[in-house]
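**Q** I have a structure I would like to understand better, so I am pasting it below and will then ask my questions one at a time.
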Amino acid sequence: MSIVAHPSSSPSRGIAQLLPTLARGWRAARDRHACTQQRLHRLLAPHGAGMLAPVFDSLMTLYEAALGREFAVGTAAALSADERMLIDLLNGSRPQRACIDCPEGAARALHCSICSTRIMLAMVG
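First residue of the sequence shown: -10, per our numbering; consecutive thereafter.
Structure representation (structure tokens):
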């Protein structure tokens, strides 16, 4: 049996819209060898979603593993290609197999993380 979580139109979309901020915070924490979940919690808590810190930490870790390189962040004026792709993967507008060429294990892990993130966003919404 296969369970596929689809993007939600609930208020959780507000949290999903924070994705570039979350991704940049995660990347900054990783670059400084700091605690990524603590940084994510600090960004999510004002939105009543601090409990999603481990969810986004896992998503970012597995996304970077699938990319096979460090996640590239954008600027205040423009999203990076990695940020745009992650948003598209999470909202379902871009199929994973069409945009990331990675080993099967990394692809499956990322797919599960994307589905889990969608489920958790729906639960928070």
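Where a beta carbon is used, it is the ideal one built from N, C-alpha and C, also for glycine.
Are the beta-carbon atoms of W15 and R28 separated by less than 8 Å?
**A** Yes. Within cutoff.
**Q** In whole angstroms, give me the CA-to-CA distance for S114 and A34.
**A** Just to set this straight, residue 114 is Gly in the shown sequence, not Ser. Straight-line Cα distance between these residues: approximately 14 Å.
**Q** Is it buried or exposed, S82, if we count other Cβ atoms within 10 angstroms and call 16 or more buried?
**A** Result: exposed.
**Q** Less than 8 Å between the CB atoms is what I'm expecting for A12 and E72, so what's the real figure, rounded?
**A** With 8 Å as the limit, A12 and E72 qualify as a contact, their Cβ atoms being about 6 Å apart.
**Q** Assign Q27 to one of three DSSP states: helix, strand, or coil.
**A** Correct three-state label for Q27: helix.
**Q** By how many angstroms is the C-alpha of I89 removed from the C-alpha of R97?
**A** Each residue's alpha carbon lies about 12 Å from the other.
**Q** Hey, how far is the Cα of D20 from the Cα of V62?
**A** Distance between the alpha carbons of D20 and V62: 12 Å.
**Q** According to the Cβ coordinates, are S102 and L48 closer than 8 Å?
**A** In contact: S102 and L48 (Cβ atoms closer than 8 Å).
**Q** Measuring only the C-alpha atoms, how far is V44 from L79?
**A** Going from the Cα of V44 to the Cα of L79 covers about 13 Å.
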